[in-house]
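Asker:
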Amino acid sequence: MKLTTKGRYAVTAMLDLALHNGDQPVSLAEISERQDISLSYLEQLFAKLRKAGLVVSMRGPGGGYQLNGTPESIVIADIISAVDENVDATRCGGLGDCQDNKRCLTHDLWMDLSNQIRVFLSEITLADMTAKMEVQATAARQNDKRIDFRAHHSHSH
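Here my numbering is used: the sequence shown runs in plain steps of one and ends on residue 308.
1) Is it buried or exposed for Val177, if we count other Cβ within 10 angstroms and need 16 for buried?
2) Provide the residue span of the alpha helix (DSSP H) that contains Leu218, from first to last.
3) Quick one: Cα of His306 to Cα of Glu181, how far?
4) Output yes or no for whether 7 angstroms exceeds the beta carbon distance between Ala282 and Leu170.
5) List the whole-angstrom C-beta distance separating Ser273 from Val234, where the pair is believed to meet the contact cut-off of C-beta under 8 angstroms.
6) Does DSSP classify Ser178 as helix, strand or coil?
7) Alpha carbon to alpha carbon, how far is Asp251 from Ile231? Give it in angstroms, no decimals.
8) Check this for me: beta carbons of Tyr160 and Ile188, under 7 angstroms apart or not?
9) What residues match up with Gln250 in a beta bridge as DSSP calls it?
10) Measure the alpha-carbon distance for His308 versus Asp229 and round it to whole angstroms.
11) Considering only the beta carbon of each residue, do Leu168 and Leu218 sit closer than 7 angstroms?
12) Which ranges does the alpha helix (DSSP H) cover as unbroken runs of at least 4 residues, wholly within the segment 184-227, from first to last along the chain?
13) Within 10 angstroms of its Cβ, does Val207 collect 16 or more other Cβ (buried), or is it exposed?
14) What are the boundary residues of the alpha helix (DSSP H) that includes Ile275?
In structure tokens, the structure reads:
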């Protein structure tokens with residue numbers, strides 16, 4: 152399993168969604184504002200997350216996304232797999248044709264690393280992440296930033 156920017160952003164966005172997962176859907180604009188991820192990039196990621204069945208979208212005013220299932224049922228590895236086509240740490244994509252169509256010296260090492268990453272991320276749920284004190288503190292700071300942003304902009308009108 153390879154960690155790409157796409158995978159990292161998808162996990163960040165899904166964690167944001169889990170932290171704000173209430174009765175109301177969460178708009179991508181809100182996630183974009185809190186996490187500093189561009190809206191168009193989030194739209195691409197969420198199309199893949201929806202296709203993988205990890206989120207559901209609500210249309211119309213007040214629309215947005217909600218988790219499809221509980222934070223306890225969604226593991227980090229599934230989020231990364233949903234947005235990344237290529238999920239391994241080898242140069243050859245796991246094919247073993249890295250050097251003159253044969254495996255290179257370190258092929259098994261990188262295959263083992265990929266599997267360790269996958270196992271590690273398969274054991275961590277969104278609920279595990281939202282329970283972490285550091286995550287809660289960061290989320291509170293990001294929510295405050297948003298309130299400051301709104302207050303600042305409402306005075307200018």
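Cβ coordinates follow ideal geometry from the N, Cα and C atoms, glycine included. Fair warning: this is a prediction, and the values are worked out from it, not measured in the lab.
Answerer: With the given structure in hand:
1) Burial state of Val177 is buried, judged by a 10 Å Cβ sphere holding 16 or more other Cβ atoms.
2) For Leu218, no alpha helix (DSSP H) run applies; the uninterrupted beta strand (DSSP E) run containing it begins and ends at Gly215 to Leu218, by DSSP.
3) Low confidence applies here, because His306 scores a pLDDT of 49, under 50, leaving its location unreliable; read the following figure in that light. Each residue's Cα considered, the two are about 20 angstroms apart.
4) No, the Cβ-Cβ distance between Ala282 and Leu170 is not below 7 angstroms.
5) Not confirmed; about 16 angstroms, so no contact.
6) Of the three classes helix, strand and coil, the one that applies to Ser178 here is coil, per DSSP.
7) Answer to the nearest angstrom: the Cα atoms are 30 angstroms apart.
8) It is a contact, given that the beta carbons lie within the stated cut-off.
9) Partner(s): Lys253.
10) Here His308 scores only 44 on pLDDT, less than 50, and its place in the model should not be relied on; the value that follows carries that caveat. The alpha-carbon atoms of His308 and Asp229 are separated by roughly 44 angstroms.
11) If you check the CB distance, Leu168 and Leu218 come in under 7 angstroms.
12) The qualifying runs are 190-202.
13) Label assigned to Val207: exposed.
14) Note, Ile275: premise wrong, no alpha helix (DSSP H); not H, not E.
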